[in-house]
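Some notes on the structure that comes next.
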Amino acid sequence: ISNKASEAYTKAEVSLHNKRTDCWIIIKDKVYDVTSYVEEHPGGDAILAHAGDESTEGFFGPQHATCVFDMIEDFYVGNLVK
């Protein structure tokens with residue numbers, strides 16, 4: 090679990106981060122800034138399909154090894170405001 094202070098973001102705020110050079114995703118109501126990972130993503134541009142949006146279903150898809158579940162916390166920036 091991240092030691093960073095939790096920020097809170099609305100879906101509208103997250104939706105602004107929707108490109109290769111500024112890529113945030115939402116997984117289980119947590120917000121992650123994966124910009125630095127986009128170019129390394131083994132699935133290529135598939136990650137960009139969810140940029141600025143909900144990515145829970147894709148993240149937990151069969152294509153991901155369980156190691157991504159630990160790795161994602163490094164990119165945590167805050168929680169989604171409901």
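Just so we're aligned, residue 90 is where the sequence shown starts under our numbering, counting upward by one. All residues carry an ideal CB built from backbone N, CA and C; glycine is no exception. The structure presented is a predicted model; accordingly, all values stated were derived computationally and were not measured.
Secondary structure within the segment 109-153: the alpha helix (DSSP H) runs of 4 or more consecutive residues, fully enclosed, are 145-148 (chain order). A straight-line Cα-Cα distance of about 28 Å links Ser95 and Pro131. Burial state of Ala138 is exposed, judged by a 10 Å Cβ sphere holding fewer than 16 other Cβ atoms. Bounds of any alpha helix (DSSP H) do not take in Glu162, whose DSSP letter is neither H nor E.
For Val157, the three-state secondary structure derived from DSSP is helix.
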